[in-house]
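Residue numbers (the numbering used here): 1 to 269. Even for Gly, the Cβ is constructed at its ideal location relative to N, Cα and C. Predicted model, so just to flag it, every value in this text is computed and none were measured. The structure under discussion appears below in the form of structure tokens.
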């Protein structure tokens with residue numbers, strides 16, 4: 001099955017993804033980064049994590065699945081003044097993680113954040129990431145684990161949201177609970193000695209409200225909601241009820257949402 005990107009790239013999605021940084025999304029990798037490293041960021045999205053890498057290492061290659069998606073990252077670099085004049089070497093390339101165009105042993109780090117959950121053949125993706133990393137370099141991967149998400153107060157509408165998301169993501173060829181599977185994927189790909197860790201995103205107060213609004217808008221305004229309805233997984237009416245349920249949950253005092261993630265770090269012998 002050919003995979004497709006479940007979330008799409010509409011504004012509600014980009015607004016959420018632009019909040020990602022090394023500190024909140026790649027802290028497990030940061031101790032291994034150094035100035036001058038040649039870093040590959042697979043699935044760079046709007047480029048906020050990629051830009052942090054550029055500031056630290058000075059050399060990055062950002063990849064995306066198409067020119068339109070890659071242009072989002074290019075614009076972010078321009079907006080932030082990350083140019084050659086500022087000592088930044090940034091390259092941008094349309095790539096398929098299953099068949100990367102780069103030479104063997106080319107990068108110090110191959111990084112993918114929230115990517116492996118969307119691919120249909122994760123073992124091949126990890127094999128390719130390992131191929132392009134030089135000996136002594138690192139493969140670094142972090143993915144959410146949707147079936148591990150938990151929230152309070154309880155909400156039947158959010159539970160229904162998760163059911164629908166799991167269905168459409170798997171219909172698209174992905175595995176939304178990839179986080180728990182990363183170490184297994186690594187072993188199947190021959191990445192012996194890979195190190196597995198976990199971390200969470202935790203939302204309370206205003207952040208919980210923003211999260212709730214973000215997911216409501218994704219259901220109402222992006223390809224996620226369109227796919228759910230078009231594939232007969234639910235009706236437009238129920239989709240609207242689920243979106244409203246998100247908003248009602250986010251407005252409750254003491255609302256808490258936790259997103260566990262799996263992390264994988266492998267050093268090439």
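Practice prompt. Counting only runs of 4+ residues fully inside the stretch 144-217, write out the alpha helix (DSSP H) ranges in chain order.
Written response: Listed in chain order, the complete alpha helix (DSSP H) runs (minimum 4 residues) inside the stretch 144-217 are 156-171 and 182-188.
Worksheet entry | Exposure of residue 253, with buried meaning 16 or more beta-carbon neighbours within 10 Å | It is exposed - the Cβ of residue 253 has fewer than 16 other Cβ atoms within 10 Å.
Discussion item. I believe residue 92 touches residue 62 by the beta-carbon criterion, under 8 angstroms. Please report the beta-carbon distance rounded to the nearest angstrom.
Written reply: Going by Cβ atoms, the distance from residue 92 to residue 62 rounds to 5 angstroms, so yes, they are a contact pair.
Worksheet item: In three-state DSSP terms, what is residue 61?
Response: In this structure, DSSP gives residue 61 an extended state, which the three-state scheme calls strand.
Discussion item. What residue range does the beta strand (DSSP E) around residue 71 cover?
Written reply: Unbroken run through residue 71 is the alpha helix (DSSP H), 67-79; no beta strand (DSSP E).
Item to complete: Return the CA-CA distance between residue 249 and residue 45, expressed in angstroms with no decimal places.
Response: Distance between the alpha carbons of residue 249 and residue 45: 28 angstroms.
Worksheet entry | Cα-Cα separation, residue 130 to residue 180 | Linking residue 130 to residue 180 through their CA atoms gives a straight-line distance of about 20 angstroms.
Worksheet entry | Terminal residues of the beta strand (DSSP E) in which residue 299 lies | Past the edges of the chain, shown from 1 to 269, lies residue 299, and the structure says nothing about it.
Worksheet item: Per the contact definition of three or more C-beta pairs closer than 8 angstroms, is the stretch 35-50 in contact with the stretch 109-119?
Response: Yes: at least three Cβ pairs fall under 8 angstroms.
Practice prompt. Kindly list the residues whose CB is nearer than 8 angstroms to the CB of residue 98, restricted to its own chain and excluding five residues on each side of it in sequence; keep chain order.
Written response: Setting aside the 5 residues that flank it on each side, residue 98 is surrounded in the same chain by 119, 121, 124, 125 and 128, each with a C-beta closer than 8 angstroms to its C-beta; the list follows chain order.
Item to complete: Would you decide whether residue 79 is buried or exposed? Buried here means 16 or more other CB atoms lie within 10 Å of its CB.
Response: Exposed: under 16 other Cβ atoms inside 10 Å.
Worksheet item: Pairing CB atoms from the stretch 101-109 with CB atoms from the stretch 130-139, are three or more of them under 8 angstroms?
Response: They touch, by the three-pair rule.
Worksheet entry | Start and end residues, beta strand (DSSP E) containing residue 265 | Annotation for residue 265: the continuous beta strand (DSSP E) segment containing it runs 256-267.
Worksheet item: Looking only at its own chain, which residues have a Cβ that is under 7 angstroms from the Cβ of residue 186, when we skip the five neighbours before and after it?
Response: Excluding sequence neighbours, residue 186 sits near 126, 194, 264 and 266.
Worksheet item: Is it buried or exposed for residue 139, if we count other Cβ within 10 angstroms and need 16 for buried?
Response: Residue 139 is buried by the Cβ-count criterion.
Worksheet item: What span of residues does the alpha helix (DSSP H) with residue 25 cover, start to end?
Response: Segment 22-25, the alpha helix (DSSP H) holding residue 25.
Worksheet entry | Pair within 9 angstroms by beta-carbon distance, residue 147 and residue 176 | Taking 9 angstroms as the Cβ cut-off, residue 147 and residue 176 qualify as a contacting pair.
Fill in: Paired residues, beta bridge with residue 142 - DSSP
When beta bridges are read from the DSSP output, residue 142 appears opposite 113 and 263.
Worksheet item: Does DSSP classify residue 53 as helix, strand or coil?
Response: The DSSP-derived three-state label of residue 53 is helix.
Worksheet item: Is residue 256 closer than 9 angstroms to residue 203 when the C-beta atoms are compared?
Response: Yes, Cβ-Cβ distance for residue 203 and residue 256 is below 9 angstroms.
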